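*Asks:* First the structure, which I've put down as C-alpha coordinates, then a few questions once you've had a look.
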Amino acid sequence: MDAIDEAIIAELERDGRLTNVELAQRVGLTTGPCLRRVQRLEADGVIAGYRAVIDPAARGRAFEVLIDLSLEAQDAETVERFEQTLARAEEVLELRRLFGTPDYFVRVAVADLPAYEAFLSQEVMTIPRIKNVTSHFTMKIVKPGR
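Mapping of the sequence shown onto this note's numbering: position 38 corresponds to residue 35, and the numbering continues sequentially without gaps.
This is how it looks when you write it as C-alpha coordinates:
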(Lines of atoms letter the chains of each structure in order from A and count residues from 1; the text may use other names and numbers.)
(Lines give C-alpha, C1' and ligand atoms only; values in the text may rest on other atoms or scores of the structure.)
Protein backbone atom coordinates (compact mmCIF):
# COMPACT_ATOMS: atom_id res chain seq x y z
CA MET A 1 0.00 0.00 0.00
CA ASP A 2 1.20 3.47 -0.83
CA ALA A 3 0.10 6.98 0.10
CA ILE A 4 -2.67 7.00 -2.51
CA ASP A 5 -4.12 3.75 -1.16
CA GLU A 6 -4.03 5.26 2.34
CA ALA A 7 -5.81 8.37 1.03
CA ILE A 8 -8.48 6.21 -0.63
CA ILE A 9 -9.03 4.31 2.61
CA ALA A 10 -9.24 7.53 4.64
CA GLU A 11 -11.81 9.03 2.27
CA LEU A 12 -13.94 5.87 2.24
CA GLU A 13 -13.81 5.67 6.04
CA ARG A 14 -15.21 9.21 6.16
CA ASP A 15 -17.86 8.53 3.52
CA GLY A 16 -18.32 5.04 2.09
CA ARG A 17 -20.95 6.33 -0.35
CA LEU A 18 -18.55 8.46 -2.37
CA THR A 19 -18.87 7.91 -6.09
CA ASN A 20 -15.73 6.82 -7.89
CA VAL A 21 -15.63 10.25 -9.58
CA GLU A 22 -15.72 12.07 -6.22
CA LEU A 23 -13.17 9.70 -4.70
CA ALA A 24 -10.80 10.07 -7.64
CA GLN A 25 -10.99 13.87 -7.39
CA ARG A 26 -10.26 13.81 -3.65
CA VAL A 27 -7.20 11.57 -3.98
CA GLY A 28 -5.84 13.14 -7.16
CA LEU A 29 -6.41 10.31 -9.64
CA THR A 30 -8.46 9.82 -12.76
CA THR A 31 -11.46 7.54 -12.44
CA GLY A 32 -9.99 4.42 -14.09
CA PRO A 33 -6.91 4.06 -11.86
CA CYS A 34 -8.95 4.99 -8.79
CA LEU A 35 -11.54 2.28 -9.49
CA ARG A 36 -8.80 -0.31 -10.08
CA ARG A 37 -7.16 0.59 -6.76
CA VAL A 38 -10.46 0.31 -4.88
CA GLN A 39 -11.17 -3.05 -6.51
CA ARG A 40 -7.66 -4.27 -5.59
CA LEU A 41 -8.12 -3.09 -1.98
CA GLU A 42 -11.43 -4.95 -1.86
CA ALA A 43 -9.95 -8.13 -3.43
CA ASP A 44 -7.00 -8.04 -1.00
CA GLY A 45 -9.38 -7.77 1.96
CA VAL A 46 -8.11 -4.34 3.00
CA ILE A 47 -11.61 -2.97 2.38
CA ALA A 48 -13.67 -5.64 4.09
CA GLY A 49 -17.08 -4.12 3.36
CA TYR A 50 -19.33 -1.11 3.53
CA ARG A 51 -22.07 -0.32 6.01
CA ALA A 52 -24.65 2.28 6.91
CA VAL A 53 -24.33 4.14 10.19
CA ILE A 54 -27.82 4.16 11.71
CA ASP A 55 -29.04 6.57 14.38
CA PRO A 56 -29.74 4.31 17.40
CA ALA A 57 -32.65 6.52 18.52
CA ALA A 58 -34.39 5.97 15.18
CA ARG A 59 -34.50 2.24 15.99
CA GLY A 60 -35.48 2.69 19.64
CA ARG A 61 -32.00 1.80 20.92
CA ALA A 62 -30.57 5.07 22.14
CA PHE A 63 -29.57 3.67 25.55
CA GLU A 64 -26.16 2.05 25.22
CA VAL A 65 -24.42 0.13 28.00
CA LEU A 66 -20.88 -1.24 28.16
CA ILE A 67 -20.56 -4.44 30.18
CA ASP A 68 -17.48 -6.07 31.69
CA LEU A 69 -18.29 -9.72 32.24
CA SER A 70 -16.38 -12.66 33.75
CA LEU A 71 -17.23 -16.36 33.77
CA GLU A 72 -16.70 -18.82 36.62
CA ALA A 73 -14.86 -21.21 34.29
CA GLN A 74 -13.16 -21.14 30.91
CA ASP A 75 -13.97 -24.67 29.74
CA ALA A 76 -15.08 -25.08 26.14
CA GLU A 77 -18.72 -25.80 26.95
CA THR A 78 -19.13 -22.76 29.22
CA VAL A 79 -17.41 -20.40 26.79
CA GLU A 80 -19.27 -21.73 23.75
CA ARG A 81 -22.69 -21.55 25.43
CA PHE A 82 -22.06 -18.02 26.65
CA GLU A 83 -20.72 -16.75 23.31
CA GLN A 84 -23.47 -18.35 21.23
CA THR A 85 -26.22 -17.05 23.51
CA LEU A 86 -25.01 -13.44 23.51
CA ALA A 87 -24.05 -13.45 19.83
CA ARG A 88 -27.70 -14.27 19.00
CA ALA A 89 -29.11 -11.44 21.14
CA GLU A 90 -30.16 -8.52 18.97
CA GLU A 91 -29.42 -6.10 21.83
CA VAL A 92 -25.71 -7.01 21.63
CA LEU A 93 -23.85 -4.73 19.24
CA GLU A 94 -20.39 -6.03 20.04
CA LEU A 95 -18.99 -8.99 21.94
CA ARG A 96 -15.26 -9.33 22.56
CA ARG A 97 -13.39 -12.06 24.41
CA LEU A 98 -10.42 -10.50 26.19
CA PHE A 99 -7.09 -11.61 27.59
CA GLY A 100 -6.94 -10.99 31.33
CA THR A 101 -9.75 -9.56 33.39
CA PRO A 102 -12.61 -9.22 32.63
CA ASP A 103 -13.21 -12.16 30.32
CA TYR A 104 -15.57 -10.26 28.00
CA PHE A 105 -16.52 -6.80 26.85
CA VAL A 106 -20.12 -6.48 25.70
CA ARG A 107 -21.71 -3.44 24.07
CA VAL A 108 -25.48 -3.39 24.33
CA ALA A 109 -28.11 -1.03 22.89
CA VAL A 110 -31.67 -0.92 24.19
CA ALA A 111 -34.49 1.60 24.50
CA ASP A 112 -33.96 2.70 28.09
CA LEU A 113 -32.91 1.63 31.61
CA PRO A 114 -35.92 -0.66 32.19
CA ALA A 115 -35.20 -2.41 28.88
CA TYR A 116 -31.58 -2.88 29.94
CA GLU A 117 -32.63 -4.28 33.31
CA ALA A 118 -34.94 -6.74 31.54
CA PHE A 119 -32.19 -7.77 29.11
CA LEU A 120 -29.67 -8.21 31.91
CA SER A 121 -31.96 -10.21 34.20
CA GLN A 122 -33.82 -12.25 31.57
CA GLU A 123 -31.06 -12.87 29.03
CA VAL A 124 -27.58 -12.39 30.48
CA MET A 125 -28.05 -13.58 34.04
CA THR A 126 -29.82 -16.75 32.93
CA ILE A 127 -26.65 -17.99 31.20
CA PRO A 128 -24.95 -20.58 33.44
CA ARG A 129 -21.61 -19.88 35.15
CA ILE A 130 -21.53 -16.09 34.97
CA LYS A 131 -19.29 -14.85 37.76
CA ASN A 132 -19.36 -11.07 37.57
CA VAL A 133 -21.15 -8.37 35.58
CA THR A 134 -20.25 -4.69 35.74
CA SER A 135 -22.34 -2.21 33.76
CA HIS A 136 -20.94 1.11 32.56
CA PHE A 137 -23.25 3.90 31.44
CA THR A 138 -21.85 6.47 29.04
CA MET A 139 -21.80 10.09 30.18
CA LYS A 140 -20.51 11.49 26.89
CA ILE A 141 -19.14 10.08 23.64
CA VAL A 142 -15.96 12.03 23.02
CA LYS A 143 -14.82 10.16 19.90
CA PRO A 144 -17.27 7.74 18.30
CA GLY A 145 -16.07 4.50 16.76
CA ARG A 146 -15.94 4.08 13.03
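All residues carry an ideal CB built from backbone N, CA and C; glycine is no exception. These numbers come from a predicted model, not from an experiment.
Please return the same chain residues whose Cβ sits closer than 8 Å to the Cβ of GLN119, not counting the five positions on each side in sequence.
*Replies:* Here residue 119 corresponds to residue number 122 of the sequence shown, with the count starting at 1. No residues qualify anywhere along the chain.
*Asks:* Would you decide whether ALA106 is buried or exposed? Buried here means 16 or more other CB atoms lie within 10 Å of its CB.
*Replies:* Locating residue 106 in the sequence shown gives position 109, where the first residue counts as 1. Answer is buried; the Cβ neighbour count reaches 16.
*Asks:* Give me the residue from VAL35, GLY57, ARG56, ARG58 with the minimum Cα distance to TYR47.
*Replies:* The residue you call residue 47 lines up with position 50 of the sequence shown. Residue VAL35 is the option with its Cα nearest to TYR47.
*Asks:* For ASP65, name the three-state secondary structure that DSSP assigns.
*Replies:* Start at 1 with the first residue of the sequence shown, and residue 65 comes out as number 68. Note: ASP65 maps to strand in three-state DSSP.
*Asks:* Hey, which unbroken runs of the alpha helix (DSSP H) at 4 residues or more fall wholly within the segment 3 to 36?
*Replies:* DSSP runs (the alpha helix (DSSP H)) wholly in the segment 3 to 36: 17 to 24.
*Asks:* Roughly how many whole angstroms lie between the Cα atoms of MET122 and LYS137?
*Replies:* The residue you call residue 122 lines up with position 125 of the sequence shown. The residue you call residue 137 lines up with position 140 of the sequence shown. If you take the alpha carbons of MET122 and LYS137, they lie about 27 Å apart.
*Asks:* For LEU63 versus ILE127, is the C-beta spacing smaller than 8 Å?
*Replies:* Here the question's residue 63 lines up with position 66 in the sequence shown. Here the question's residue 127 lines up with position 130 in the sequence shown. No, the pair does not count as a contact, with Cβ atoms beyond the cut-off.
*Asks:* Contact check, ILE44 vs LEU95 under 8 Å by CB: the rounded distance?
*Replies:* What you label residue 44 is simply residue 47 of the sequence shown in a count that begins at 1. What you label residue 95 is simply residue 98 of the sequence shown in a count that begins at 1. Not a contact, Cβ separation roughly 27 Å.
*Asks:* For LEU26 and ALA4, I'd like the C-alpha separation in whole angstroms.
*Replies:* As a first step, residue 26 is located in the sequence shown; it is residue number 29 there, counting from the start. As a first step, residue 4 is located in the sequence shown; it is residue number 7 there, counting from the start. Rounded to the nearest angstrom, the two C-alpha atoms are 11 Å apart.
*Asks:* Considering only the beta carbon of each residue, do ILE124 and ARG78 sit closer than 8 Å?
*Replies:* Translated into the one-based positions of the sequence shown, residue 124 becomes position 127. Translated into the one-based positions of the sequence shown, residue 78 becomes position 81. Yes, Cβ-Cβ distance for ILE124 and ARG78 is below 8 Å.
*Asks:* Measure how close the beta-carbons of THR16 and ASP65 come, nearest whole angstrom, since I'm counting them as under 8 Å.
*Replies:* Taking the sequence shown and counting its residues from 1, one reaches residue 16 at position 19. Taking the sequence shown and counting its residues from 1, one reaches residue 65 at position 68. In fact, because the Cβ distance is near 42 Å, the residues do not count as touching under 8 Å.
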